[in-house]
Structure formats: C-alpha cells, structure tokens
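Note that the protein sequences, when read in sequence, are chains A and B.
Counting in the numbering used here, the first sequence runs from 1 upward without gaps.
Counting in the numbering used here, the second sequence runs from 1 upward without gaps.
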Amino acid sequence: MTQLPPGAPTGVLTEAGLNADLACFPERAQYLDLVRSFRDDGFELCADLCAVDYLTHPGRVLPEGVKPERFEVVVNLLSLSKRERVRIRVQADDQHPEVDSLFSIYPGTEALEREVFDLFGILFTGHPDLTRILMPEDWEGHPLRKDYGVGRVPVQFKEAPGPR
Amino acid sequence: MSDLTIRETERPDLLVGETSEGAQELKRRALTPPTELRREVGAILEVDGRVLDPSSIDIERSDDETMIINMGPAHPSTHGVLRLMLELDGEIVLRVKPVVGYLHTGMEKTGEELSYVQGATNVTRMDYLSPVINELNYSLAVEKLLGIEIPARATWIRMMMSELNRISSHLVWMATNGMDLGSTSMMIYGLRERELILAFFEKTAGLRLNLNYVRPGGVAADLPDGWEDDVLVICDTILERTYEYDQLLTGQPIFRDRMVGVGAILAEEALALGVTGPVLRSTGVPWDLRRTMPYLAYDDVEFDVIVGTYGDNFDRFAIRLNEIRESIRIIRQCIERMPRGDYRSQDPKVTPPPRARIDESMEALIHHFKLFTEGFHVPTGEVYSAVESPRGELGCYLVSDGGPKPYRIHVRAPSFVNLQAIPLLMRGGFLSDAVPIISTIDPVLGEVDR
Numbered sequence: 001m002t003q004l005p006p007g008a009p010t011g012v013l014t015e016a017g018l019n020a021d022l023a024c025f026p027e028r029a030q031y032l033d034l035v036r037s038f039r040d041d042g043f044e045l046c047a048d049l050c051a052v053d054y055l056t057h058p059g060r061v062l063p064e065g066v067k068p069e070r071f072e073v074v075v076n077l078l079s080l081s082k083r084e085r086v087r088i089r090v091q092a093d094d095q096h097p098e099v100d101s102l103f104s105i106y107p108g109t110e111a112l113e114r115e116v117f118d119l120f121g122i123l124f125t126g127h128p129d130l131t132r133i134l135m136p137e138d139w140e141g142h143p144l145r146k147d148y149g150v151g152r153v154p155v156q157f158k159e160a161p162g163p164r
Numbered sequence: 001m002s003d004l005t006i007r008e009t010e011r012p013d014l015l016v017g018e019t020s021e022g023a024q025e026l027k028r029r030a031l032t033p034p035t036e037l038r039r040e041v042g043a044i045l046e047v048d049g050r051v052l053d054p055s056s057i058d059i060e061r062s063d064d065e066t067m068i069i070n071m072g073p074a075h076p077s078t079h080g081v082l083r084l085m086l087e088l089d090g091e092i093v094l095r096v097k098p099v100v101g102y103l104h105t106g107m108e109k110t111g112e113e114l115s116y117v118q119g120a121t122n123v124t125r126m127d128y129l130s131p132v133i134n135e136l137n138y139s140l141a142v143e144k145l146l147g148i149e150i151p152a153r154a155t156w157i158r159m160m161m162s163e164l165n166r167i168s169s170h171l172v173w174m175a176t177n178g179m180d181l182g183s184t185s186m187m188i189y190g191l192r193e194r195e196l197i198l199a200f201f202e203k204t205a206g207l208r209l210n211l212n213y214v215r216p217g218g219v220a221a222d223l224p225d226g227w228e229d230d231v232l233v234i235c236d237t238i239l240e241r242t243y244e245y246d247q248l249l250t251g252q253p254i255f256r257d258r259m260v261g262v263g264a265i266l267a268e269e270a271l272a273l274g275v276t277g278p279v280l281r282s283t284g285v286p287w288d289l290r291r292t293m294p295y296l297a298y299d300d301v302e303f304d305v306i307v308g309t310y311g312d313n314f315d316r317f318a319i320r321l322n323e324i325r326e327s328i329r330i331i332r333q334c335i336e337r338m339p340r341g342d343y344r345s346q347d348p349k350v351t352p353p354p355r356a357r358i359d360e361s362m363e364a365l366i367h368h369f370k371l372f373t374e375g376f377h378v379p380t381g382e383v384y385s386a387v388e389s390p391r392g393e394l395g396c397y398l399v400s401d402g403g404p405k406p407y408r409i410h411v412r413a414p415s416f417v418n419l420q421a422i423p424l425l426m427r428g429g430f431l432s433d434a435v436p437i438i439s440t441i442d443p444v445l446g447e448v449d450r
C-alpha cells in the first residue's frame, strides 16, 4: 500500500480504501501542498476529479478527526511509474463551497473542475475560466446537488387531444 | 449624429450572433484573462516554474488581425455535436476552445435514480461506440463494492466481448477518419466490417448497439451455440482486411501528407493534460491498463501494447490499426481457452433464479420480483475502478449508502479529458489540419457530455 510522500504536509489523515487504494483526507489548507507532494513523488497523472453531495447520506464513515461537510471533492491520482492509485478527499462546506484549483499542478483538471462547478456549484480558487461546461450559461441551479429535483414529464395515459 | 456614434464604437456587431453559451465561448483577446488566454493558445502552464512551452506564443497580437470562427456543433467532421471556436490568422489556427454540452442529458443524475440492476442500461449509452466496455467498467465497480466473485467463464466472455467491441470501435474510427480525409472507400469498408461484429452482438445479446449484456454478477446470457465458428470467421475476415487497409491508407502519399507530423504532442504534455489511451501511447508511453493494472484475465493472455514514437496523427492511426490485430490475438486465445461453467455468479443476492424455477416455486417468483423491482442492496462505501476503453482510461467512481441505488455514480470519460489536448495540438497548424486532429483524438460526444 502507498505511503504518504516525503514532502506531504504533516497531520494529513489517511485510510486504506477498498482494493487497497490509499485515501487521504487533507484540510482545505493542506490540499494543494499534499497534491503537489504526490506529484513530485511520481504521481504523474490526475486521472479523475469529481464531487459528491452528502446532503442525504450524513452518516458516512470517515477517519476520526475529519469533520464531515456537505460536499466532498474527490481526486484520483495515478502513478505510472509505481502503478498505483491514490485518492484525495477534501471537504467543502455548504455555505461557501470552495477549494483550491489544481490547475497549476495538473493542467488537465481544467475541464473536470469546470464540470464540478457546473453540476455542484463548488468554486475553485485559481481556476482560469470557471464557467459552466455542460449546462447552458444561463441555467439556474446545480443539477447534481441532492436538493435539485430530477424533473419529470407527466405520463399521458389517454390519447392527448390533437392540436387545434 | 447617430451615424457618428456607430462609427465610433470599437467594432460593428453585425457579424456577432448571441447564443446562450455566452461566457463559455472563445472571447476576444482583450476580454480574456491572461491564464485562460495562455491555455487557449495551447500552453501547458508553467508547472512550478518549469515552462513547458515558452515564447512561441504570440499573445500580443491585436484583435483586428484575426478572426474568430465557429466550427460545429453541427459540422460533419466534428464526430458529433462538438463545437470548436477557432481564432484564425488567415489559414493558421491561433487559439482554439472546444465548447461541449450539446448532448448533456444528465446521465449521472439519472444513474442515481436507477437501481444497480438498471444501471447498466444507463452507462451503456454513454460511450455509444464501446457499450460493452462501459457496462464492464460499471459492473466491476459494483462488484468491488459487493465483494462477490465472478465465475471464470463470465470473466472470459466479458474479455472476449470487450475485445470485439474494441475492434468495432476502432473500425468506426478508421471509417470516420478515412471520411474526414476524403477516403470514402475506407468509410464503407470500416462500417462493413463492423457489421460482422454487430451481427454477432445481436446473436448473443439480442441488441446491436446498447447491449446491456455485461451486468453486475456476470453477463446476461451464455454465448450462442456455434459461437466459436462465428467469432473465428470475424477474426479471420477482419485480420485479412486490416492488410487491405494498409494497402489503401498506410503508404498512400495523400494520406501520409495529412497525417505524418501533424498534431504532435509530447509525453510530458500528454501526462500533464491527463490524456490517456492511444493518444498517450502515441507519445511512447507504454500505458495500457490491460497490461499495467490488469483486470479480468488480461494477465493470462498474450498481447502487445502498441506504442508510437512521435505522438502525431499517423502514430495514432497506426496504433489503432495494430490494436485491432492485437485484439484479434486476444480473441483467438479466448476461443481456445474459454472455460466451462456458469456465465453469471450463483450468488442469489445479485442473480435472479432460473426461469424454470419460477414456474414451480413461489419463493423463486418472489425472489425474482424483488430483484427486478427493488434491486439488491450494496454495502456502504466508495470505490474507483478503471478499465482501458478504446479511448483511454474509463473510470467509475461509485458511492453507495447501503441502498439499492447508487448514491453517486461518476464516470471518468476519457474523451472528455482528451479534448483538452485540442488547443495544444491545433495551435499554429492549418485549419484543414484541425479536422484530422479532432478525428485522431477520437472523441465520442455521448461520453463527453454524459
């Protein structure tokens, strides 16, 4: 199993996830330094960046000392040289969901962070172009939040009256 | 008086149309922040002081000398509803920005409303050229959370079907790439060969495109009688035809002029941008999840990872052509070594009772009914699993709250990430080269927009 890299900020909580991936739970302030230390330790590729809205699932299991917040930004890093993955989960609160952008470390997170901003409304400090990417620019709300409705078309059981 | 005020404005708005995308579009240079401007001209940003791409970028050019044009979303060579906004100086591309989202149907949101049994029908529609591999990725993630073992035969069937699917996806790529470069024969040949595979899919799963064949717990049905002969015919025919493609394209001067040396990318740049799949392998990085992080039984079969050298369009073409041949090698081994046994897990938690039992047992009927109405419950947890799709690393991040529906399902779509390489690949090239560059990135817009 992976260990924390040598340059990592002190006090980052970790946990062995399923299939032995290492999961790290940095504070907001440690997040950027932690990712940078992983990058310098041979994690060349940021495979994935997404977010989860834990509004309706408050009792999730976290290591002791991590304060659960509504949102969680999940980053999956991949090391080609070691053939390992590592997962970084950083909490973002309900009132001002904001984390640092990884754009200066992995430029490839640009589109992924825009997607998270678009669908969850989480802000990324230092992102060059934080606009919506999948929804139209004038869309209201952030669809993947748990308090955003699914939207339904009422089912028509009888033949609808034709257009007059 | 009014005439004068019009002349004094910076530029007439006559040629500018308003869309609802607004801020997502490519802006004039004066209105674009410097970091974003550097990104759009294709600079991989300075990473901790290391400038990967220095002075060749001309940021000081004034707006008057250039023209911003719009390509797509209904352009025939953008492989779907991809929209590119390009800033041109004559015929030279200076800046590019892909604008996506025209096919967004909220599939990740829909996935939260569907049970784990239904989920496969949802993900199979994301990357519509490689449905089996999408289902496989989803099923592997669910199975990891469930902690169940899959019978050997199911594993090998999955492997064979995903390799057939890889061939059909690469054949569509060969076809559309040929068409983009004016070779309509290649388009017809590619789609003709793909039809062989789709016919086999129809025979096996009942459907040609969105199969819903690989499901959590195994596969939907056993292979049909006489499948060995069908698959052997497919292997022999397509392997023979790949040499015809060689004759048609590989050495052809016009094709080589458009492909060799066009749209080159370095390994360092590709890694920084998160690019995976044939685009990454074309730069010489031997990274193929089937080999480097094996899943299914890929560590039991022999195949080569095809790697390029220059990272240009031609390398990406050659990699895909040779991957078809490698997939055929894997399929032949699957035919020889296909184990006997169950094609799905016998764990009653995820697998419904056999049809014959339902007629004679009330409990079996109830069990069947519960599985298909409520679905099975998956233990609390989160998991990320990834497979090698024809376009790169296809990942699935799944969060379960212990219920019968995923709490969150996120699909890491390789095309979505690979599209970010477009500004870098097109910068400084001709507008006509933009078309083969989009093509060799091979985006599937269903997967980009999800």
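Note that beta-carbon positions come from the ideal geometry of N, C-alpha and C, so glycine has one too.
In this text, all values refer to a predicted model and were calculated from it rather than measured experimentally.
Using a Cβ-Cβ distance cut-off of 8 Å, determine whether Ala-264(B) contacts chain A. no
Please report how far the alpha carbon of Gly-446(B) lies from the alpha carbon of Asn-418(B), in whole angstroms. 14 Å
Could you pull the DSSP bridge partners for Tyr-384(B) from this structure? Tyr-397(B)
Classify Asp-73(A): buried if its beta carbon has 16 or more other beta carbons within 10 angstroms, exposed otherwise. At residue 73(A) the sequence reads Val, which differs from the Asp that was named. Val-73(A) is buried by the Cβ-count criterion.
Within 10 angstroms of its Cβ, does Asp-225(B) collect 16 or more other Cβ (buried), or is it exposed? exposed
Beta-carbon proximity list for Arg-36(A), same chain, < 6 Å, skipping 5 on both sides: Ile-105
Given the structure, does Asp-100(A) come close to the ligand ATP, in the sense that its CB is under 7 Å from one of the ligand's heavy atoms? Because no ligand of any kind appears in the structure shown, any question about the ligand ATP cannot be addressed here.
For the alpha helix (DSSP H) that contains Met-259(B), what are its first and last residues? 253 to 259
According to DSSP, is Arg-166(B) part of a helix, a strand, or is it coil? helix
Please classify Met-362(B) as buried or exposed, where buried requires at least 16 other C-beta atoms within 10 Å of its C-beta. exposed
Sequence-distant residues of the same chain with beta carbon closer than 6 Å to Thr-276(B), five excluded per side: Gly-392, Glu-393, Pro-414
Interfacial residues, the region 29 to 45 of chain A to chain B, with Cβ spacing under 8 Å: Arg-36, Glu-44, Leu-45
Taking the Cβ atom as the reference point for each residue, do Phe-124(A) and Ser-101(A) lie within a distance shorter than 8 Å? yes
CB-CB under 7 Å to Ile-197(B), same chain, minus the five flanking residues each way: which ones, in chain order? Leu-164, Ile-167, Ser-168, Ile-234
Is there a Cβ of chain C sitting closer than 8 Å to that of Met-426(B), yes or no? The structure shown contains no chain C; its protein chains are A and B.
Quick check on the burial criterion: 16 or more other C-beta atoms within 10 angstroms. Buried or exposed for Ser-458(B)? Only positions 1 to 450 of chain B appear in this structure, which leaves residue 458(B) out of reach.
Against chain A, with Cβ distances strictly below 8 Å, would Ile-437(B) count as a contact? no
Please list the partners that Ile-133(A) has in chain B, where partner means a Cβ-to-Cβ separation under 8 Å. Gln-24, Val-100, Gly-101
Could you tell me which chain A residues have their CB closer than 7 Å to the CB of Ile-44(B), listed as they occur along the chain? Pro-107
Could you work out which residue in Ser-439(B), Asp-89(B), Leu-365(B) is closest to Ala-455(B) when comparing CA atoms only? What the structure shows of chain B is the stretch from 1 to 450, and residue 455(B) is not part of that stretch, so it cannot be assessed.
From Thr-121(B) to Asn-210(B), what does the alpha carbon distance come to, in whole angstroms? 7 Å
Per the contact definition of three or more C-beta pairs closer than 8 Å, is the region 236 to 255 of chain B in contact with the region 184 to 199 of chain B? yes
Flag Val-155(A) as yes if its beta-carbon sits less than 8 Å from any beta-carbon of chain B, otherwise no. no
Taking buried to mean at least 16 other C-beta atoms within 10 Å of its own C-beta, is Trp-139(A) buried or exposed? exposed
Less than 8 Å between the beta carbons of Val-172(B) and Gly-147(B), yes or no? no
Leu-119(A) (DSSP reduced to helix, strand or coil): helix
Would you kindly report the start and end of the unbroken alpha helix (DSSP H) that includes Val-132(B)? 131 to 146
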